[in-house]
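J.:
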Amino acid sequence: MIEGEGTLQLLAEVSIAFAGFSGVVGVFGGGSALSEAERSFRVRMLIVTSLAAFFGSLLPLVLGEFEFLIPWVWTLCCPLMASFVAIISFSVHRQTGTLAAAGDYARPWFAPLVYVTNALLVIALLGAAVAILPGHSFYVATIVWYLALSSLHFLLLVVQTRPRSAV
155 MIEGEGTLQL LAEVSIAFAG FSGVVGVFGG GSALSEAERS FRVRMLIVTS LAAFFGSLLP
215 LVLGEFEFLI PWVWTLCCPL MASFVAIISF SVHRQTGTLA AAGDYARPWF APLVYVTNAL
275 LVIALLGAAV AILPGHSFYV ATIVWYLALS SLHFLLLVVQ TRPRSAV
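In this text, residue positions in the sequence shown follow the working numbering: the first is 155, and each later residue adds one.
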């Protein structure tokens, strides 16, 4: 049994619920104050962040099923999560830049904070991989961070959606 197995299972359940919310927003978000490009980007971000948390939660559980890997679970998972965070960060930065250049998206004021937090998480996860920092703590913190981002994208989609007129 690996450290924090119950916590990881709970985080996986919450993250898959956010992925389900993206379908609800996709179906009922037609009367949005957002442009179609920005709305689809935010739905995509809701899906990506929730699935990142979901697969991140499952990876240690799957590796923990192999008895001989239990001592190495966090050493293996931390660099994988760090690379995943880096790929998502670069991808999101590129997509928002493309949308902003087309005039379809204005980067929110908190975007630099998200990029800095992602960079710090990558450094912490790589430090945990070489046993300088506690792997379990930073790994779970990364998953919670992605759930917070999922919540943020969900709230931004809900708040900026106008109810359809009853005609």
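Backbone N, C-alpha and C fix where the C-beta goes; we use that ideal spot for every residue, glycine too. Values in this document were obtained by computation on a predicted structure and should not be read as measured data.
Closest to V202 by CA distance: which of Y300, L267 and L310 is it?
T.: If you number the sequence shown from 1, residue 202 lands on position 48. For V202, the nearest C-alpha among the options comes from Y300.
J.: Residue range of the alpha helix (DSSP H) that P266 falls in?
T.: In the sequence shown, residue 266 corresponds to position 112, counting from 1. Where P266 is concerned, the enclosing alpha helix (DSSP H) stretches over A265 to A283.
J.: Return helix, strand or coil for E157, following the three-state DSSP convention.
T.: As a working mapping, residue 157 is identified with position 3 in the sequence shown. Three-state DSSP puts E157 in coil, outside helix and strand.
J.: Hey, how far is the Cα of L275 from the Cα of L310?
T.: For the purposes of this step, residue 275 is taken as the residue at position 121 of the sequence shown. For the purposes of this step, residue 310 is taken as the residue at position 156 of the sequence shown. Rounded to the nearest angstrom, the two C-alpha atoms are 24 Å apart.
J.: Going by DSSP in three states, P262 sits in which element: helix, strand or coil?
T.: Along the sequence shown, read from residue 1 onward, the residue named residue 262 stands at position 108. Three-state result, P262: coil.
J.: Look at the Cβ atom of L217, then the Cβ atom of L223, and state whether they are nearer than 8 Å.
T.: Here residue 217 is taken as the residue at index 63 of the sequence shown, counted from 1. Here residue 223 is taken as the residue at index 69 of the sequence shown, counted from 1. For L217 and L223, yes; Cβs fall inside 8 Å.
J.: Between the Cα of L279 and the Cα atoms of P233, H247 and L212, which residue gives the shortest distance?
T.: Numbered from 1 along the sequence shown, position 125 holds the residue referred to as residue 279. Of the listed residues, the one whose Cα sits closest to L279 is P233.
J.: Do the CB positions of A207 and S291 come within less than 8 Å of each other?
T.: Stepping through the sequence shown from its first residue, residue 207 is reached at position 53. Stepping through the sequence shown from its first residue, residue 291 is reached at position 137. Not in contact: A207 and S291 (Cβ atoms no closer than 8 Å).
J.: Mind checking which residues open and close the alpha helix (DSSP H) that includes A254?
T.: Against the sequence shown, residue 254 aligns to sequence position 100. Its alpha helix (DSSP H) spans residues V227 to A255.
J.: Got a sec? Which residues, its chain only, sit under 7 Å from L212 by beta carbon, not counting five neighbours each side?
T.: In the sequence shown, counting from the first residue as 1, residue 212 sits at position 58. Within the same chain, L212 has close Cβ partners A166.
J.: Do Y269 and S237 count as a contact pair if the criterion is CB distance below 8 Å?
T.: Counting from one through the sequence shown, the residue named residue 237 turns up at place 83. Counting from one through the sequence shown, the residue named residue 269 turns up at place 115. Not closer than 8 Å, so no.
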